[in-house]
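Chemist: For reference, the structure I am asking about is given below.
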Amino acid sequence: MLTKRQKQLLDFIKENVQYIGFPPTISEMARALKVKSKNAVAKLLHSLEEQDLIKRDGSARGIRVRDEHGNEINAGAIPVPLLGTITAGSPILAEQNIEEWINLPNSLLRSRKDVFLLQVKGDSMVNAGILEGDLVIVRPAHEVRSGDIVVALLHDEATVKRFMQINGRRYLKPENSKYQNIYPEDEWTVQGKVVGVIRQLE
Numbered sequence: 001m002l003t004k005r006q007k008q009l010l011d012f013i014k015e016n017v018q019y020i021g022f023p024p025t026i027s028e029m030a031r032a033l034k035v036k037s038k039n040a041v042a043k044l045l046h047s048l049e050e051q052d053l054i055k056r057d058g059s060a061r062g063i064r065v066r067d068e069h070g071n072e073i074n075a076g077a078i079p080v081p082l083l084g085t086i087t088a089g090s091p092i093l094a095e096q097n098i099e100e101w102i103n104l105p106n107s108l109l110r111s112r113k114d115v116f117l118l119q120v121k122g123d124s125m126v127n128a129g130i131l132e133g134d135l136v137i138v139r140p141a142h143e144v145r146s147g148d149i150v151v152a153l154l155h156d157e158a159t160v161k162r163f164m165q166i167n168g169r170r171y172l173k174p175e176n177s178k179y180q181n182i183y184p185e186d187e188w189t190v191q192g193k194v195v196g197v198i199r200q201l202e
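Spelled out as structure tokens, the structure:
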């Protein structure tokens with residue numbers, strides 16, 4: 001359990017690593033905490049290290065910091081949850097839905113912190129450049145525009161499709177001629193908009 005001071009210091013270090021690209025010095029930490037004694041900062045760092053929240057190598061900026069999920073925070077990186085499932089009736093980012101946390105570059109996310117990842121299954125979106133095994137970056141949203149690629153909950157399973165609305169009729173459109181459009185809309189609910197795709201080449 002972190003004290004208020006420990007949490008303030010840890011948050012300050014994280015912000016520096018994520019948005020500036022490197023950890024602060026002892027002097028910078030002292031100024032941020034508004035303390036005059038560097039020894040006070042050193043004691044706080046020692047307590048954070050004992051709790052395995054940071055690692056130090058003895059150099060001026062030699063601090064590696066972990067997030068609350070145990071992942072090491074890289075410069076300019078943001079931890080994003082990879083969902084194993086999306087369950088009807090529960091919050092989309094409920095802990096039981098999260099398989100793991102993956103650090104993604106801040107430049108890729110454009111400072112968004114409300115996104116999640118989902119692994120694509122099947123080949124229904126190949127003509128949109130989304131292949132089986134890809135990770136899609138999803139921003140939670142229930143209101144989307146016609147033509148947006150979305151994650152929808154269909155019969156208790158997450159599916160990636162293109163959302164379409166023509167003459168007031170809403171449906172999900174696959175980007176592969178092997179598959180049919182999905183009607184009616186009362187059988188599915190939009191969970192989020194796909195804002196990016198990550199592919200591992202090997």
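By full-length UniProt numbering, the letter at position 15 of the sequence shown is numbered 15, and the numbering carries on one by one without gaps. Cβ coordinates follow ideal geometry from the N, Cα and C atoms, glycine included.
Thinking V136 and V197 are a contact (beta carbons under 8 Å), I'd like their distance in whole angstroms, please.
Modeler: 6 Å
Chemist: Using CA coordinates, which residue listed in L131, I73 and E49 is at the minimum distance from N103?
Modeler: I73
Chemist: Looking only at its chain, what residues have a beta carbon closer than 6 Å to the beta carbon of R199, apart from the 5 residues adjacent to it on each side?
Modeler: Closer than 6 Å at the Cβ level, and outside the excluded window around R199, lie D134.
Chemist: Thinking just about the alpha-carbon of each residue, which of R170, V194, Q180 and Q8 is nearest to the one in V160?
Modeler: V194
Chemist: For Y171, does the three-state DSSP call read helix, strand or coil?
Modeler: strand
Chemist: Quick check: what's the CA-CA separation for K14 versus E99?
Modeler: 23 Å
Chemist: Return the chain-ordered list of same chain residues with a C-beta closer than 6 Å to the C-beta of V41, the five sequence neighbours on each side being excluded.
Modeler: I26, M29 and A30
Chemist: According to DSSP, simplified to helix, strand and coil, what is L53?
Modeler: L53: coil per DSSP, three-state reduction.
Chemist: Determine the contact status of D186 and F163, defining contact as a CB-CB distance below 9 Å.
Modeler: no
Chemist: So Y183 and Y171 are in contact, right, with Cβ under 8 Å, and what is the actual spacing, rounded?
Modeler: 5 Å
Chemist: Mind reading off the beta-carbon distance from Q6 to L48? Whole number of angstroms is fine, and I expect it under 8 Å.
Modeler: Between L48 and Q6 the Cβ distance is about 6 Å, and since that is below 8 Å, they are a contact.
Chemist: Going by the beta-carbon positions, is the gap between V115 and V138 smaller than 9 Å?
Modeler: yes
Chemist: From the DSSP output, in three-state form, read off M1 for me.
Modeler: coil
Chemist: Assuming V65 contacts L53 (C-beta within less than 8 Å), just tell me the rounded distance between them.
Modeler: Between L53 and V65 the Cβ distance is about 7 Å, and since that is below 8 Å, they are a contact.
Chemist: Taking the beta carbon of K173 as the centre, do at least 16 other beta carbons fall within 10 Å, making it buried, or is it exposed?
Modeler: buried
Chemist: For a test of the three-state rule: what should DSSP assign to N176, helix, strand or coil?
Modeler: coil
Chemist: Taking the alpha-carbon of R61 as reference, which of P23, K38 and L109 has the nearest alpha-carbon?
Modeler: Nearest in C-alpha terms to R61, of all of P23, K38 and L109, is P23.
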